[in-house]
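See structure below.
There are 2 protein chains.
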Amino acid sequence: MGLDYEIFKLGNVRLQRGGRLPDCKLAYKTFGKMSAAKDNVIVYPTWYSGQHPDNEWLIGPGMALDPEKYFIIIPNMLGNGLSSSPSNVPAPYNGPRFPRVATYDNVQAQHRLLTEKFGVKKLCLVTGWSMGALQTFHWGALYPDMVERIAPFCGSAKCSRHNFVFLEGVKAALTADGTFNGGWYKEQPTRGLRAMARVYAGWGFSQAFYRERLDLERLGYSSLEDFLVGFWEGFFAPKDANNLLAMLWNWQNGDVSDNELYKGDFKRALGAIKAKAYVMPGQTDLYFPPEDSQFEVANMPNAKFLPVPSIWGHFAGGPGINPADVKFIDNALKELLSA
Amino acid sequence: MGLDYEIFKLGNVRLQRGGRLPDCKLAYKTFGKMSAAKDNVIVYPTWYSGQHPDNEWLIGPGMALDPEKYFIIIPNMLGNGLSSSPSNVPAPYNGPRFPRVATYDNVQAQHRLLTEKFGVKKLCLVTGWSMGALQTFHWGALYPDMVERIAPFCGSAKCSRHNFVFLEGVKAALTADGTFNGGWYKEQPTRGLRAMARVYAGWGFSQAFYRERLDLERLGYSSLEDFLVGFWEGFFAPKDANNLLAMLWNWQNGDVSDNELYKGDFKRALGAIKAKAYVMPGQTDLYFPPEDSQFEVANMPNAKFLPVPSIWGHFAGGPGINPADVKFIDNALKELLSA
């Protein structure tokens, strides 16, 4: 049985912040077939620490992202363990010496995949959850003439100061484990990874989610502790610490206007997004609160504010664990794609 | 110069969860003078990791808690480093062998101080922030005939499941530092204490607080990083890790009905509170959301729901850093005391 994804070789990539990745690789998976006119292409980037299988819940026959109609590409984020990452590049750029990779770099790499490999000139949609939404906004602002529609959900075009602080807590918990050793660990800092998972647990779902005991009633865990171990520690403990920190840096520094095109002018970058946009924050998301999305929509020429009415917090947007939220997002994508 | 507080010796105290503290000590500070009728007594317990000086912002001439009118007692929570705590009791009950101390035990100790030392039979008010609010609710439920008024602010009568998870993250960050060594540290686990501070930073203030840059504009820090180091790490880094964990256990297990009187029947415990109550959550408090206070008020016979209209998150309630919030709480206390 082979791998279920492809590798696009980018060669020697110079990064926005000055670093360099020789023999940089972008891992991706495709669904469906490209039409002769190349007018049915959808890009659907991954989220923090997620990999392409974690995105597949939103793809399927009869859904908006229908492989029988669309050619859907899931590019794995650099640093996520499948694309070039601290854990998989050869020395000397491995581990804590992996260079700073920004969302700008990810979208540049994805753009090369689409144009050089597939000869694509238009995208009918870019969509994504969380850091996938961050990449989605970048697509809209960096390639306004190429992207017809965007649907960022449970994410933002710029990491807010509060979101930055939440991530500082996650990072501090992971790196408090002495085994981490500044990234020069011989084995994974398990205690730190599990601490990070517990920090994340309070942020990922809303107060109302826990109040209604949906971890037990809907997700089937036997107790709150079982949820913390089984869901949260189970997710983060197997991951590579340096990979997680590379992506965390990317997230904290996410800003659609932080590039030569917009030079930090956030409103101008938002205003440049020509795509028809459905911006869908989770109504109870604790680190991407709807207020930030409202600001974005108010500064975009062609955008609709469409909060997901859910008490699942950030997980209103994925990964497909609450059917009502999946249906809401899928319906919105259908409406957007038919426009 | 002597200490600015007194010690009440409780002797050999048997604790609710089965532990025992020989020669248990309650540190407290008083303000003003008790009237001959002993009818002007206010109890104002401390909060998580706070000590009596951290409570004094709400006391002063012309304020509701006016020492010229009232005899105000601030009892220090057991575990806070002044009352009996892991850091200050003699072996063998010190450090990680400090027994489980619940809020029930704190209020029992405070009740003994008031009755045995001061001969008090009525309290005109119990009030407190955060874990001080937890103690306030306990006063109302455990001594319904003694307490005339309560004003818990930015706190709850029972630790919610979400609040519990938030604290799991704090605890995991602190204990991820190998120096902690299960509580048998030779020096304080500084990295863990600072990690805990960074985890706390995202929870303490609201998204809107950070969005409006109040850390810079109002609190005068030079940058977000300066705020994380100066305010947050500066607060937690000097504290004793076992003390913090003893109080954290107390918080996580806080429940006004978890005792022989109410046997876990939360609604019955709330219903037993005869005191006239002003329950004041912070409108943007991330770990004591107003919804939980509404539930409490709905089950109390004589309570008013009065959220503090503030974007300062949990810090709407203290420690006196936002004048508008201080004024709101002070006015509410004046109104309540005059009723």
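Chains A and B supply the protein sequences, listed in that same order.
Under the numbering used here, the first residue of the first sequence carries the number 277, and numbering increases by one thereafter.
Under the numbering used here, the first residue of the second sequence carries the number 277, and numbering increases by one thereafter.
Cβ coordinates follow ideal geometry from the N, Cα and C atoms, glycine included.
Item: Proximity below 9 Å, CB of Tyr369 (chain B) to CB of Met523 (chain B); Value: no
Item: Residue(s) in a DSSP beta bridge with Leu390 (chain B); Value: Its beta-bridge partners do not exist; DSSP assigns none.
Item: For Lys285 (chain A) and Gly395 (chain A), believed in contact at Cβ under 8 Å, the rounded distance; Value: With 8 Å as the limit, Gly395 (chain A) and Lys285 (chain A) do not qualify as a contact, their Cβ atoms being about 17 Å apart.
Item: Interfacial residues, the segment 564–598 of chain B to chain A, with Cβ spacing under 8 Å; Value: Pro565, Glu567 and Asp568
Item: Three-state secondary structure (DSSP) of Leu495 (chain B); Value: coil
Item: Test item: CB-CB of Ala471 (chain A) and Asp453 (chain A) under 9 Å; Value: yes
Item: Contacts that His438 (chain B) makes with chain A (C-beta to C-beta distance below 7 Å); Value: Gly478, Gln483, Tyr486 and Arg487
Item: Proximal chain A residues relative to Glu444 (chain B), where beta-carbon distance stays under 8 Å; Value: Arg474, Ala477, Gly478 and Leu504
Item: Residue-chain proximity (Ala448 (chain B), chain A), Cβ-Cβ < 9 Å; Value: yes
Item: Nearest to Arg489 (chain A) (by Cα), restricted to the options B:Cys300, B:Phe440 and B:Ala548; Value: B:Phe440
Item: Secondary structure of Trp460 (chain A), DSSP reduced to three states; Value: coil
Item: Proximal chain A residues relative to Asp453 (chain B), where beta-carbon distance stays under 8 Å; Value: Ala452, Asp453 and Gly454
Item: Chain-order list of residues whose beta-carbon lies under 7 Å from that of Leu443 (chain A) (same chain, five-residue window excluded); Value: Leu524, Trp527 and Gln528
Item: Per-residue contacts from Leu521 (chain B) into chain A (C-beta, under 9 Å); Value: Within chain A, no residue comes near Leu521 (chain B); the closest Cβ sits about 14 Å away, beyond 9 Å.
Item: The beta strand (DSSP E) enclosing Pro585 (chain A), as first and last residue numbers; Value: Counting along the chain, Pro585 (chain A) falls outside any beta strand (DSSP E), and DSSP gives it neither H nor E.
Item: Minimum C-alpha distance to Ala579 (chain A) - residue among A:Ser482, A:Lys550, A:Gly295 and A:Asn535; Value: A:Lys550
Item: Alpha carbon of Pro372 (chain B) to alpha carbon of Ala449 (chain B), nearest angstrom; Value: 17 Å
Item: Contacting residues, own chain, Cβ-Cβ under 6 Å from Ser482 (chain A) (five flanking each side not counted); Value: Thr560, Ile587 and Gly589
Item: As assigned by DSSP and simplified to three states, the class of Gly593 (chain A); Value: helix
Item: 7 Å Cβ shell around Trp405 (chain A) - same chain, five flanking residues per side excluded; Value: Trp323, Phe429, Cys430, Gly431, Gly593 and Gly594
Item: Neighbourhood of Gln386 (chain A) by C-beta distance below 6 Å, restricted to the same chain and skipping five residues each side; Value: Pro351
Item: Residue of B:Leu399, B:Ser436, B:Gln411 and B:Glu611 minimising C-alpha distance to Asp421 (chain B); Value: B:Leu399
Item: Within-9 Å CB hit, Gly287 (chain A) to chain B; Value: no
Item: C-beta atoms of Thr455 (chain A) and Arg467 (chain A) nearer than 9 Å; Value: yes
Item: C-alpha gap between Ser359 (chain A) and Gly294 (chain B), whole angstroms; Value: 55 Å
Item: Selection from B:Tyr346, B:Phe511, B:Val584 and B:Ser311 that minimises the alpha carbon distance to Pro599 (chain B); Value: B:Val584
Item: 9 Å Cβ cutoff met for Tyr486 (chain A) and Ser436 (chain B); Value: yes
Item: Range covered by the alpha helix (DSSP H) that runs through Val446 (chain A); Value: Arg437 to Thr451
Item: Backbone CA spacing between Pro557 (chain B) and Ser533 (chain A) [nearest angstrom]; Value: 38 Å
Item: Best match in B:His438, B:Val505 and B:Asn575 for proximity to Trp479 (chain A) [C-alpha to C-alpha]; Value: B:His438
Item: Interface residues of chain A facing Gly468 (chain B) [CB-CB closer than 8 Å]; Value: Ala452
Item: Distance between Ala553 (chain A) and Met277 (chain A) (C-alpha atoms, nearest Å); Value: In this prediction, Met277 (chain A) scores a pLDDT of 45, lower than 50, which makes its location untrustworthy; no coordinate-derived value is stated.
Item: Supposed contact pair Asp516 (chain A) and Gly357 (chain A) - C-beta distance, whole angstroms, cut 8 Å; Value: 6 Å
Item: Near-chain B residues of the segment 303–337 of chain A - C-beta to any C-beta below 9 Å; Value: none
Item: 3 or more residues per run - each beta strand (DSSP E) lying fully within the segment 293–369 of chain B; Value: 296–307, 317–319 and 347–351
Item: Whole-Å CB distance - Ala312 (chain A) paired with Ile283 (chain A), under 8 Å assumed; Value: Going by Cβ atoms, the distance from Ala312 (chain A) to Ile283 (chain A) rounds to 26 Å, so no, they are not a contact pair.
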